[in-house]
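Notes for the one structure printed next.
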Amino acid sequence: MNELLDHPAVQGGVAPFVAGLLFALVTGRRAPGLAIVAGFAVAVGLALGWQLLPLSSTRKLVWVGVVCAFVVLVQSFLGGGNKKWRAVSALGAAAAVIWVLLGVLQQRETAFALGAGLAAAAFVGALVTTAPNEHDPRAPSMAALVILGWSAGALALLGASASLALLAIATGAAAAAVLLLALVGLRISEDMRNLALPVCVLAGSVACVSSVTGAVPWFALLPLLAVTWMPRLRRIYRGPAVLEAGLGFVLSAVPAGVSIALAFFFPHAV
Amino acid sequence: MQFRRFALIASLFAAGAATAAPQTYVIDSVHSFPAFSIGHLGMSTIRGRFDKMAGKVVFDPAAKTGSVEVKIAAASVSTGDDKRADGKRSRDEHLRSADFFNAAEFPEIVYRSTKLNFKGDILESIDGNLTMLGVTRPIRLQLPLFKCGPHPFTKKPMCGADAEVTIKRTDFGMKFGVPAIADEVQLHINLEAYPE
Numbered sequence: 083m084n085e086l087l088d089h090p091a092v093q094g095g096v097a098p099f100v101a102g103l104l105f106a107l108v109t110g111r112r113a114p115g116l117a118i119v120a121g122f123a124v125a126v127g128l129a130l131g132w133q134l135l136p137l138s139s140t141r142k143l144v145w146v147g148v149v150c151a152f153v154v155l156v157q158s159f160l161g162g163g164n165k166k167w168r169a170v171s172a173l174g175a176a177a178a179v180i181w182v183l184l185g186v187l188q189q190r191e192t193a194f195a196l197g198a199g200l201a202a203a204a205f206v207g208a209l210v211t212t213a214p215n216e217h218d219p220r221a222p223s224m225a226a227l228v229i230l231g232w233s234a235g236a237l238a239l240l241g242a243s244a245s246l247a248l249l250a251i252a253t254g255a256a257a258a259a260v261l262l263l264a265l266v267g268l269r270i271s272e273d274m275r276n277l278a279l280p281v282c283v284l285a286g287s288v289a290c291v292s293s294v295t296g297a298v299p300w301f302a303l304l305p306l307l308a309v310t311w312m313p314r315l316r317r318i319y320r321g322p323a324v325l326e327a328g329l330g331f332v333l334s335a336v337p338a339g340v341s342i343a344l345a346f347f348f349p350h351a352v
Numbered sequence: 002m003q004f005r006r007f008a009l010i011a012s013l014f015a016a017g018a019a020t021a022a023p024q025t026y027v028i029d030s031v032h033s034f035p036a037f038s039i040g041h042l043g044m045s046t047i048r049g050r051f052d053k054m055a056g057k058v059v060f061d062p063a064a065k066t067g068s069v070e071v072k073i074a075a076a077s078v079s080t081g082d083d084k085r086a087d088g089k090r091s092r093d094e095h096l097r098s099a100d101f102f103n104a105a106e107f108p109e110i111v112y113r114s115t116k117l118n119f120k121g122d123i124l125e126s127i128d129g130n131l132t133m134l135g136v137t138r139p140i141r142l143q144l145p146l147f148k149c150g151p152h153p154f155t156k157k158p159m160c161g162a163d164a165e166v167t168i169k170r171t172d173f174g175m176k177f178g179v180p181a182i183a184d185e186v187q188l189h190i191n192l193e194a195y196p197e
């Protein structure tokens, strides 16, 4: 059993998927975002352990995941359509990624630190702002979130750290669990933003950490912003939910593939 | 006569004090390296080292006291696999990443001694604190070799030592790959230092 739990595919894929499935069964009608945080938490427990100190960037990501759980709970009562709440979420996400990167940025020259910090904040803020919402088709939206998590994980694997990759892949696996339940007919909340927030914040932060501390070039992150736009091609999505989800996967994979290709062919020196 | 006796006694005390004064030695970075060995997959032992180490040793052999402070550049880790022709990430790049030494965030590994342990006149071990990845743990360095004397060619005074310790990397929060990559790491430090 221990050997199984030590396997990266279990730590980053199977276990978070199962955790996401169980949480979505219980909380999916109200706060589907908790399923994402549950998957993330399981990956943390298996791969990193629950030491929350010292505050490295990876440990800060864990704290951000904990805060995401509270935020999605509050959002489930406020509703994702609240404009003020959306603005606060985006600003909070931007502040979170700066906090995550602070220890690393403090080691660098001031100009680089300011530029990288602001760029990371803008990137994660933009991901949260453009995240799928209640007006977007659900199955493609969930598929886009799966691809976002997995592509951030692929970037981390290519250029930075397998541990970071596991955390991002886990968010995608948990999103896949929610999508599966939605496809088999379980009632999942219409509030797509509740589901999208933890994926965008955690996967976006992993991508930023991979760029600042690893070999992922900053421009490789830009195509990821298009992943969450793919569900907005509403005219394309006509048909049963399974077909919509499949199409959503394919379309979201295009910008994700570009992102991964850029990281693979143009790594920067570490 | 009494004055001469007093002057003689005073000069003897002064000579004794000079002999007992602690001497500061600066570590010779060119001849000092921390090296490590770690079990890999239970199949073989991977060996590596850090290419950049700096620090000071303060040593008073008469009083049998002193201190050691060493700073190691985490990014200088080297296992002989730094760049791959096929562009894939090398082992040294992986070691510098957040999975292992997280050099971007914790650029230095620091050792500060707290106590020198002598057996007779021989310095046997050094107690101190190792700080890595933001975590500080006490460790005891065993010294199978410690010697101070003139350099055989230049005749400059110098001190040299070999130090060893086995640590558990998970004690410092470095959990990636355990148990496939062993938890226990053997550290071997060879050090040469010259008076400041």
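Chains as they are written, first to last, in this note's numbering: chain F, 83 to 352; chain W, 2 to 197.
Each residue gets a CB set at the ideal place from its N, CA and C atoms; glycine is no exception.
### Query
How about the stretch 250 to 260 of chain F and the stretch 90 to 102 of chain F: do they share at least three Cβ pairs that are nearer than 8 Å?
yes
#### Entry: Euclidean distance between Cα positions of L188/W and L144/W
12 Å
### Task
Kindly list the residues whose CB is nearer than 8 Å to the CB of V92/F, restricted to its own chain and excluding five residues on each side of it in sequence; keep chain order.
L86 and L128
### Task
Give the residues of chain F in contact with L134/W, contact being defined as C-beta atoms less than 9 Å apart.
P136 and S138
### Task
For E109/W, decide whether its Cβ has a neighbour in chain F, counting only Cβ atoms nearer than 7 Å.
no
### Message
Using only CA atoms, which one of D61/W, A164/W, V71/W and V27/W lies nearest to E109/W?
### Response
V71/W
### Query
Going along the chain, which residues of its own chain have a beta-carbon closer than 7 Å to the beta-carbon of A194/W, five neighbours each way excluded?
Y26, V27, I28, D29, V58, M159 and C160
### Query
Going along the chain, which residues of the stretch 284 to 302 of chain F sit with their C-beta nearer than 8 Å to a C-beta in chain W?
V291, V294, T295, G296 and A297
### Message
Please report the straight-line C-alpha distance between K84/W and S341/F, rounded to a whole angstrom.
### Response
23 Å
### Query
What residues in its chain sit with their C-beta under 6 Å from that of V166/W, if we drop five residues either side in the sequence?
I140, L142 and L188
### Message
Using a Cβ-Cβ cutoff of less than 8 Å, which residues in the same chain neighbour L303/F once the five nearest sequence positions on both sides are dropped?
### Response
F205, L237, A289, C290, S293 and S341
### Message
Across the stretch 254 to 268 of chain F and the stretch 303 to 318 of chain F, are there enough close Cβ pairs to call them in contact, namely three or more that are closer than 8 Å?
### Response
no
### Message
Please classify R269/F as buried or exposed, where buried requires at least 16 other C-beta atoms within 10 Å of its C-beta.
### Response
exposed
### Query
Comparing the C-beta of S98/W with each C-beta of chain F, is any distance below 7 Å?
yes
### Presumed contact (8 Å Cβ cut-off) between K53/W and S77/W, rounded CB distance
4 Å
### Message
I'd like the span of the beta strand (DSSP E) that includes L24/W, first residue to last.
### Response
The residue asked about is misnamed: residue 24/W is Gln in this sequence, not Leu. Element bounds for Q24/W: Q24 to I28.
### Query
Which residues, in chain order, does the stretch 214 to 245 of chain F contribute to contact with chain W at a C-beta distance below 8 Å?
L240, G241, A242, S243, A244 and S245
### Task
Excluding the 5 residues preceding and the 5 following A15/W in the sequence, name in chain order all residues of the same chain whose CB lies nearer than 7 Å to its CB.
The pLDDT assigned to A15/W is 47, lower than 50, so where the model puts this residue is not dependable; a value taken from the coordinates is nonetheless given after this. Here the set comprises nothing.
### Message
For the stretch 164 to 178 of chain W against the stretch 128 to 137 of chain W, do three or more pairs of beta-carbon atoms, one drawn from each stretch, fall closer than 8 Å, so that the two count as touching?
### Response
yes
### Query
Is G150/W helix, strand or coil by DSSP?
strand
### Task
Evaluate A63/W with the Cβ neighbour count: other Cβ atoms within 10 Å of its Cβ, from every protein chain shown; 16 or more gives buried, anything less gives exposed.
exposed
### Message
Between V182/F and chain W, is any beta-carbon pair separated by less than 7 Å?
### Response
no
### Through-space distance from N191/W to V146/F, alpha-carbon basis
42 Å
### D88/F to A75/W span [Cα, whole Å]
27 Å
### Task
Can you tell me which of A99/W, K148/W and N130/W puts its alpha carbon nearest to the alpha carbon of I123/W?
K148/W
### Task
Name the two residues that bound the continuous beta strand (DSSP E) containing R275/F.
Here R275/F belongs to no beta strand (DSSP E); instead the alpha helix (DSSP H) covers M274 to T295.
### Task
Just the C-alpha distance for P219/F and V283/F, rounded to the nearest angstrom, thanks.
21 Å
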